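Colleague: One structure, as structure tokens, below. Some questions next.
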Amino acid sequence: MKFINVRELRLRPGDVWKKLKIEKDIILTLNGKPFAILNSTDEDRLEQNLASLRRSRALEAMETLQKYSIDEGLNKLTIEDIEKEVQLVRRER
Numbered sequence: 302m303k304f305i306n307v308r309e310l311r312l313r314p315g316d317v318w319k320k321l322k323i324e325k326d327i328i329l330t331l332n333g334k335p336f337a338i339l340n341s342t343d344e345d346r347l348e349q350n351l352a353s354l355r356r357s358r359a360l361e362a363m364e365t366l367q368k369y370s371i372d373e374g375l376n377k378l379t380i381e382d383i384e385k386e387v388q389l390v391r392r393e394r
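First residue of the sequence shown? That's 302 in the numbering used here, and the numbers climb one at a time after it.
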């Protein structure tokens with residue numbers, strides 16, 4: 302995977318676009334740290350690529366929630382405990 306810094310993108314954008322066509326993905330860095338991912342696409346695959354990216358982010362969010370649930374012991378709640386919690390929240394509305 303290719304890394305470039307923001308300065309290189311600003312000074313030589315044409316070179317970056319050429320590299321992107323070859324590499325398909327480029328990590329953009331700011332002060333030496335990953336900042337963004339440049340991902341090659343085209344008109345025909347734009348919507349498909351965006352949908353894939355969004356699914357990936359949703360999956361990552363789900364995994365984060367699952368880890369939090371396990372860390373907090375919430376994965377051991379019974380159905381009755383969950384129902385009680387739902388009722389409490391509904392009453393507060």
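Every residue gets a Cβ at the ideal spot worked out from N, C-alpha and C, and that includes glycine. Note that the structure is a prediction, hence the values are computed from the model and not measured.
#1: Please list, in chain order, all residues of the same chain as T365 whose beta carbon is under 8 angstroms from its beta carbon, the five residues on each side excluded.
#2: Helix, strand or coil: which one does DSSP assign to K303?
#3: Taking just the CA atoms, how far does D316 sit from I323?
#4: Beta-carbon within less than 7 angstroms of L310's beta-carbon, same chain only, minus the 5 sequence neighbours each way: which residues are those?
#5: Which whole-angstrom value is the C-beta distance of I327 and K319, which I expect to be below 8 angstroms?
#6: In the DSSP assignment, find the beta strand (DSSP E) that holds L366 and state where it starts and stops.
Modeller: Walking through what the data contain:
#1: none
#2: strand
#3: 11 angstroms
#4: V317 and L329
#5: Actually they do not touch by this definition, with Cβ atoms about 11 angstroms apart.
#6: Unbroken run through L366 is the alpha helix (DSSP H), L347 to D372; no beta strand (DSSP E).
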